[in-house]
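Participant: Here it is, the structure, as structure tokens.
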Amino acid sequence: MARKFFVGGNWKCNGTAEEVKKIVTMLNEAEVPSEDVVEVVVSPPFVFLPVVKGLLRPDFQVAAQNCWVRRGGAFTGEISAEMLLNVGIPWVILGHSERRSLLNESNEFVGEKVGYALSLGLKVIACIGETLQQRESGSTMAVVAAQTKAIAAKVSYWDNVVLAYEPVWAIGTGKVATPVQAQEVHLELRKWLHDNVGAEVAVSTRIIYGGKFVYFSLVM
268 MARKFFVGGN WKCNGTAEEV KKIVTMLNEA EVPSEDVVEV VVSPPFVFLP
318 VVKGLLRPDF QVAAQNCWVR RGGAFTGEIS AEMLLNVGIP WVILGHSERR
368 SLLNESNEFV GEKVGYALSL GLKVIACIGE TLQQRESGST MAVVAAQTKA
418 IAAKVSYWDN VVLAYEPVWA IGTGKVATPV QAQEVHLELR KWLHDNVGAE
468 VAVSTRIIYG GKFVYFSLVM
């Protein structure tokens, strides 16, 4: 089964209104394959979601960087999945390493968030990944398997899930995971899905690399 390519951009907590508009202009002018071949999703900060959605070309999509684990209510500072759907946002990033580490989001809490968002119809970019200490101790697969297990426990339909393997040691550190390192984990994740979820899910689920990369320009 051929999997559609997926390219996502997380803008994190960056940008002004003018900077965001300039980025959108550049994206709108970019030459990319058709949406039948590749899915492009950008994730600006919450306050810019409506602006980006309104200005962005129709074949590109917008994602929120997080959402709350249940319906809205007395949860100051949070954004509910219902709110995202109400303003036409189709995607959300959940389980990002920065939220796991800085805000102490546990594997189980991330799993709950993924399950709730999916139940309402949002598409989810679910993040998993190990720290440098965990990689150097040889526990990479144990860590990402535990993270994936907590997500899988709350997911019954995988078509709207993209797994983003983001090695924490390659985010904002100047270090870069090699294609070989990323692919090794991707293959193990696919094997885990095969053994614990199902063969069809293992084949069809898109697993992407999230983190720093190096762009090489070749002149022929």
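Each number in the working numbering corresponds to the 1-based position in the sequence shown with 267 added. Glycine included, each C-beta is placed from N, C-alpha and C at the ideal position.
1. Would you call GLY321 buried or exposed, if buried means 16 or more other Cβ atoms sit within 10 Å of its Cβ?
2. Could you tell me the alpha carbon to alpha carbon distance between LYS458 and ALA384, rounded to whole angstroms?
3. According to DSSP, is ALA449 part of a helix, a strand, or is it coil?
4. Can you check whether the CB of LEU352 is closer than 8 Å to the CB of ALA331?
5. Let me make sure I understand the geometry here. Which of TRP278, ALA269, LYS271 has the alpha-carbon closest to that of GLY477?
6. First and last residue of the beta strand (DSSP E) that includes GLY275?
7. Suppose the cutoff is 7 Å on Cβ atoms and the five residues either side in sequence are ignored; what does the same chain contact list for SER364 look like?
8. By the 10 Å Cβ neighbour count, where 16 or more other Cβ atoms means buried, how is ALA311 classified, buried or exposed?
9. Is it buried or exposed, ASN333, if we count other Cβ atoms within 10 angstroms and call 16 or more buried?
10. Whole angstroms is fine: what's the gap from MET487's alpha carbon to GLY465's?
11. Using 8 Å as the threshold, is the C-beta distance between VAL287 and VAL308 below it?
Facilitator: Per the coordinate set shown:
1. Flag for GLY321 reads exposed.
2. Each residue's alpha carbon lies about 25 Å from the other.
3. ALA449 falls in the helix class under three-state DSSP.
4. In this structure, LEU352 does not lie closer than 8 Å to ALA331 by Cβ.
5. The candidate whose alpha carbon is nearest that of GLY477 is TRP278.
6. 272-277 is the extent of the beta strand (DSSP E) around GLY275.
7. The residues are CYS394, GLY396, GLU433, VAL435, ILE438.
8. With the sequence shown as reference, residue 311 is identified as Pro, and Ala is not the correct amino acid for it. By the Cβ neighbour-count rule, PRO311 is buried, with 16 or more other Cβ atoms within 10 Å of its own.
9. By the neighbour-count rule (16 or more Cβ atoms within 10 Å), ASN333 is buried.
10. Note on MET487: pLDDT 34, under 50, position unreliable in the model; the coordinate value appears next. The alpha-carbon atoms of MET487 and GLY465 are separated by roughly 44 Å.
11. Not in contact: VAL287 and VAL308 (Cβ atoms no closer than 8 Å).
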